[in-house]
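Okay, structure first, notes after.
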Ligand SMILES: Cc1cc2nc3c(=O)[nH]c(=O)nc-3n(C[C@H](O)[C@H](O)[C@H](O)COP(=O)(O)OP(=O)(O)OC[C@H]3O[C@@H](n4cnc5c(N)ncnc54)[C@H](O)[C@@H]3O)c2cc1C
Ligand SMILES: Cc1cc2nc3c(=O)[nH]c(=O)nc-3n(C[C@H](O)[C@H](O)[C@H](O)COP(=O)(O)OP(=O)(O)OC[C@H]3O[C@@H](n4cnc5c(N)ncnc54)[C@H](O)[C@@H]3O)c2cc1C
Ligand SMILES: Cc1cc2nc3c(=O)[nH]c(=O)nc-3n(C[C@H](O)[C@H](O)[C@H](O)COP(=O)(O)O)c2cc1C
Ligand SMILES: Cc1cc2nc3c(=O)[nH]c(=O)nc-3n(C[C@H](O)[C@H](O)[C@H](O)COP(=O)(O)O)c2cc1C
Ligand code: FES
Ligand code: FES
């Protein structure tokens, strides 16, 4: 059940690569949030930020136990994200969440191997995934973390501590393998599987398309976290739709990212 | 010659009665500013504060010697002044000034007695008047400082240190005389004059009208600092006009507050 | 709620419990807001435009924020009148909401079909004809810009319903009094104004319109001064109640529309930012009146004093 | 300035050194900006509307800020054509400014009179007929909303000048292509769009309009998406150059108007906020082109790619 809160900014940190980490005093949302879910952020007066913006719940604070705060990790693109960088500790924001359908593990069964695929700021939902996963599942998880250059790779040390394996990939080769994240992912998918596998991906559209193709071609279950422009985040404006792969009828061509997603089975939607 | 600068906020202090003091790192403007002149303040991006707002240059810092910064004193009325309260030290503002025609002392001659009349936030231009006046003139100056209640009387201690005499008046009697500032002013004007006199007034319209009447009836020179909504502050938009008392022709009915004022001879305009 | 009377009448005897409604397309079918907002506390809920058959709507992107506004080109995605009747309306009735059904069609027969299909249902307070949507190819603006077509559609619907009939006008005309009078002469009991203005935003790097459809409808505080001016003109020119819409985000804005002559208002885009806003505005309007000794909210309607 | 070609042609052989002009009424007579801005660096300066005789303008308040916009009701206060000719024009010539004279009147004869009085002067690049001012009782919108009147005024002025003739249109019409075509058929060499939209703001405590006149014209970023959509429509419909106006504050906005088909742009309200803006936009447009390999700014004009 989403909560509509006033939350205070607790801290902000610049992470490099134009990205920031913002901590928010929003325990009621933090307690409920599942990996892949998101929050809508604006200022309290709608006249100042008419259209709120969606951000993945990235991480809970503290790391274990009852959450007291949540963090988002965001990249500066335009007016709103630039404005967010100016929020000092103490700034009050209007926060709605947790929203949408997050990632799910089809067979939580022993041994399912989880392959996380993140492009740039697409790493945002995965810290929470690892926090919620528990030691065992986290140990069976590999994170493929890609970006243009080394500065685009977020929270690398944090991920290394908590994730079975972390594979770094950069287009310019400044960290990890040179190339696209789909390179090592394809190699892994083509290696003999140890057991059940599932791919969870978040990142730019072209990356998601490539990941979906790799997985669909190999019949590996794959979940994609999609983005679309949103006005409400709770299913009312019909602004955030994406196309279904197989519409049920002429009038069911679209699904809402905020409500039916943002995480979809790759077989459901056209990313 | 007005300067169009980027200036940093150096400090902000809440003065009570919904008023704030903001110090700005704007030495080039501070050096030129004369009492009664003003600055236009906005954020650097016109898209964020399409219409800048005018504020009197209230005080220079340091108190004597070459000015390094200037201060404005402002009262929160609406959206922009509320937004200004959020500017933290370090915030960059777009500052244009000094603008307009300030107060002038007709006979700077020995002995001219200056009567300052301030209603509420109308006290804003007078610290600079006293700073620019020099000891002698300041000693011959009386400030009539009026407001609704004691919290509306700004910078009382500062004025007491620098001004020959300070007369406080409040409508509720919580400080000084009970009543309107025009009460003690009329009494003073009706007392036998010690020499030349001049009245300089700044405050709400009804106060200015009353002060003008008192002075015109007694033939005492009187200057009024007027306010009108402004878009530019430098004479281009023609938004800030007030009516002349004696237009020269049918087409000279209005004068611009930002350029011909904000300080006018009471005989010139209809406040 | 204080003893201040908040009720308003908006034509054909319809009494709303207060003048704050939510605008079509910005409040879903009401149910999306149920977690945040007591639906029964609102003056009314105008549901998303309903067409005879379900509509898929336009391809994304459908939205883009603009300075103090938003462009949308949803394209009237909706479940169609049949699913509205069987799936949505019963739930709205359960919640005690005052429901106004916004009706959309390509041609006269479509408007008539939707109203006819709902005429026998209980729990509908009024119909609002959307003759002003800028985001679809046919109907919408074509009808909404022609006084003759407005009168024709209104009169045709008038024949098949005994319920209050509101007509929602586009601001994108040379003389809105003409279109308003056309609706009244066709039998409208009240006028809702305004719908959105046609607008466009371009992504200068890709050199394409941001919205897939190219243009969309501008809503939000950016258009409020325009809406206020249009309501002011129309309220003085026609005898039926006017419902003010456009950029409302605060109780000040609600009062502004009432003063220029609106009998009620609809809150639109701001619902997305703050799903509890409309219900809060009801309470704040009450408190605003209380603080100023306004005994009946209807005292505010048209109480503007002209300068000079 | 880099070797990138910044020149544009806006009708009847007029070549502007770059496509960034300043809009009438927002740049005074240019001279107010001289301390902040090199007047000769601009594509052109459209001066405040000039009428046959001086005008006092409307009583204050004349201005009010709105969400991301501003309402003004200046009422065309101006020094009149004679004082403009003798006092302002010579100074503008001295500064090397490209001067466009915005002309305003109550009736056809007024427009003709102003243009005739200036026709023999040197240092005027073009005339712009303001057929779209919402802030005066006569003329202005009455003419600007009627295609017939637009054609008539344009044709009458066409007869008395051999200079490039621009016609400035109001956005407050049902079909702007109709008014645009009327101006072209009357002999306009270029179209300037848009002027402001009629709007109103009320002080809810005093229950009076904030502007003394009641309504004013809305300008600023709030209206930019509307202006962009209108320029896009008109540029595809007419054969003469279109000059885009409305809410420009940044180089992104300049490029947006060019892409939808404007040959040049005018910066308006934002000049008040930042008196050095227009000259800076000239440099930034040059740098924007440079960074993206655009060899000639004219490549951008109408280069929008439609979706689908
Ligand atoms: C479910 C979801 C989760 C997200 N999580 C994160 C995250 O954790 N970290 C992060 O940095 N970003 C995240 N995003 C993207 C983020 O919302 C956008 O970067 C942000 O809205 C840009 O706003 P802006 O004003 O700075 O940019 P703008 O100048 O408005 O636009 C830049 C780009 O942002 C996107 N965008 C703009 N408006 C919206 C909107 N209303 N809704 C969605 N996207 C929009 C568009 O693709 C646009 O091209 C998420 C988006 C979604 C849908
Ligand atoms: C020459 C001059 C000097 C001034 N000096 C001071 C000062 O030292 N301290 C101080 O507190 N105030 C001063 N003011 C008044 C100050 O500019 C307004 O209080 C401020 O603009 C209000 O802005 P807002 O957005 O908070 O209020 P709004 O909600 O916009 O309006 C509140 C009131 O402020 C006035 N106002 C609004 N917009 C403008 C505008 N563009 N220009 C002028 N007035 C406007 C109107 O009277 C309005 O009723 C001065 C005004 C002028 C003209
Ligand atoms: C996303 C969205 C969808 C809309 N859908 C409809 C609709 O289906 N029918 C209709 O009459 N108006 C529709 N409108 C217009 C609104 O009801 C309202 O008239 C307009 O948004 C102006 O009000 P606002 O500025 O408060 O949003 C829609 C507006 C938005 C923003
Ligand atoms: C204060 C003010 C005065 C104006 N005066 C005139 C005028 O005299 N003649 C005219 O054609 N347009 C006039 N306009 C309209 C502008 O030239 C321009 O068309 C409009 O403001 C839209 O551009 P903007 O949003 O960039 O301001 C005026 C606008 C403002 C804000
Ligand atoms: S964001 Fe409004 S429906 Fe998804
Ligand atoms: S504020 Fe623009 S002319 Fe005075």
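Protein chains in written order, with my numbering: chain A, 366 to 636; chain B, 366 to 636; chain C, 91 to 398; chain D, 91 to 398. C-beta atoms are modelled at their ideal positions from N, C-alpha and C, and glycine is treated no differently.
Asked                                                                                                                                                                               : Found
Is residue 268/D close to chain C? Criterion is C-beta to C-beta, closer than 7 Å.                                                                                                  : no
Please name the residue or residues paired with residue 119/C in a DSSP beta bridge.                                                                                                : Paired residues: none, contrary to the question.
Along the alpha helix (DSSP H) that carries residue 500/A, what are the first and last residues, could you check?                                                                   : 491 to 504
Leaving out five residues before and five after residue 351/C in sequence, what residues of the same chain have Cβ atoms less than 7 Å from its Cβ?                                 : 321, 322, 325, 326, 332, 391 and 392
Look at the Cβ atom of residue 386/C, then the Cβ atom of residue 107/C, and state whether they are nearer than 7 Å.                                                                : no
Just the C-alpha distance for residue 551/A and residue 579/A, rounded to the nearest angstrom, thanks.                                                                             : 7 Å
Answer yes or no: the CB of residue 94/C versus the heavy atoms of ligand 4, is any distance below 6 Å?                                                                             : no
Let me have the residue list for ligand 5: C-beta closer than 7 Å to any non-hydrogen atom, ordered along the chain.                                                                : 595/A, 596/A, 597/A, 598/A, 599/A, 600/A, 601/A, 602/A, 603/A, 604/A, 605/A, 621/A, 622/A, 623/A, 624/A and 362/C
Any Cβ of chain C within less than 7 Å of the Cβ of residue 565/A?                                                                                                                  : no
Among the residues of its own chain, which have a CB less than 6 Å from the CB of residue 394/C, if the five just before and after it don't count?                                  : 349 and 350
Which full runs of the alpha helix (DSSP H) of 4+ residues lie inside the segment 326 to 383 of chain C, going along the chain?                                                     : 341 to 349, 360 to 363 and 367 to 381
Determine the chain D residues that contact residue 637/B at a beta-carbon separation under 7 Å, and present them in chain order.                                                   : Because chain B here runs from 366 to 636, residue 637/B falls outside it and cannot be looked at.
Name the one or two DSSP bridge partners that residue 200/D has.                                                                                                                    : Note: residue 200/D sits in no beta bridge, so no partner.
Mind checking if residue 180/C is an interface residue toward chain D, Cβ cutoff 7 Å exclusive?                                                                                     : no
Indicate whether at least one CB of chain C lies closer than 7 Å to the CB of residue 571/A.                                                                                        : no
Do residue 246/D and residue 198/D come within 7 Å of each other at the CB atom, strictly closer than that value?                                                                   : yes
For residue 410/D, does the count of other Cβ atoms within 10 angstroms reach 16, so buried, or fall short, so exposed?                                                             : A question about residue 410/D goes unanswered here, because the residues of chain D that appear run from 91 up to 398.
When you compare each of 404/A, 636/A and 372/A to residue 611/A by their alpha carbons, which one comes out closest?                                                               : 636/A
Would you mind telling me which residues of chain E sit closer than 8 Å to residue 158/C, beta carbon to beta carbon, in chain order?                                               : Absent here is chain E; the protein component of the structure consists of chains A, B, C and D.
What's the C-alpha gap between residue 278/D and residue 461/B?                                                                                                                     : 39 Å
Have a look at residue 290/D and residue 157/C and give me their C-alpha separation to the nearest angstrom.                                                                        : 18 Å
Start and end of the alpha helix (DSSP H) containing residue 240/D?                                                                                                                 : 237 to 250
Taking 7 Å as the limit between beta carbons, can you name the residues of its chain near residue 147/C, skipping five residues before and five after?                              : 164, 165, 166 and 167
In chain order, what residues of the same chain have a beta carbon less than 7 Å from the beta carbon of residue 570/A, not counting five sequence neighbours either side?          : 636
Verify the contact flag: residue 420/B, CB atom, against every heavy atom of ligand 2, threshold strictly below 6 Å.                                                                : yes
Classify residue 617/B as buried or exposed, calling it buried when 16 or more other Cβ atoms lie within 10 Å of its own Cβ.                                                        : exposed
Give the secondary structure of residue 315/D by DSSP, where H, G and I count as helix, E and B as strand, and everything else as coil.                                             : helix
Any beta carbon from chain D within less than 7 Å of residue 577/B's own beta carbon?                                                                                               : no
Quick one: which residues of the segment 408 to 427 of chain B get their C-beta closer than 7 Å to a C-beta of chain A? List them in chain order.                                   : none
DSSP on residue 589/B, reduced to helix/strand/coil?                                                                                                                                : strand
Report the residue ranges of all beta strand (DSSP E) runs contained in full by the segment 537 to 596 of chain B; include only those spanning at least 3 residues, in chain order. : 562 to 567 and 587 to 590
Suppose you measure from the CA of residue 583/A to the CA of residue 554/A; what does that come to, to the nearest Å?                                                              : 8 Å
Taking the alpha-carbon positions, what's the residue 151/D to residue 600/B distance?                                                                                              : 16 Å
What does the alpha-carbon distance come out to for the pair residue 341/C and residue 375/C?                                                                                       : 6 Å
Please compile the residues from chain C whose C-beta is within a distance smaller than 8 Å of the C-beta of residue 606/A.                                                         : 147, 150, 152 and 167
Can you give, in chain order, each stretch of the beta strand (DSSP E) that sits fully within the segment 405 to 448 of chain A and has at least 3 residues?                        : 418 to 421, 424 to 426 and 434 to 440
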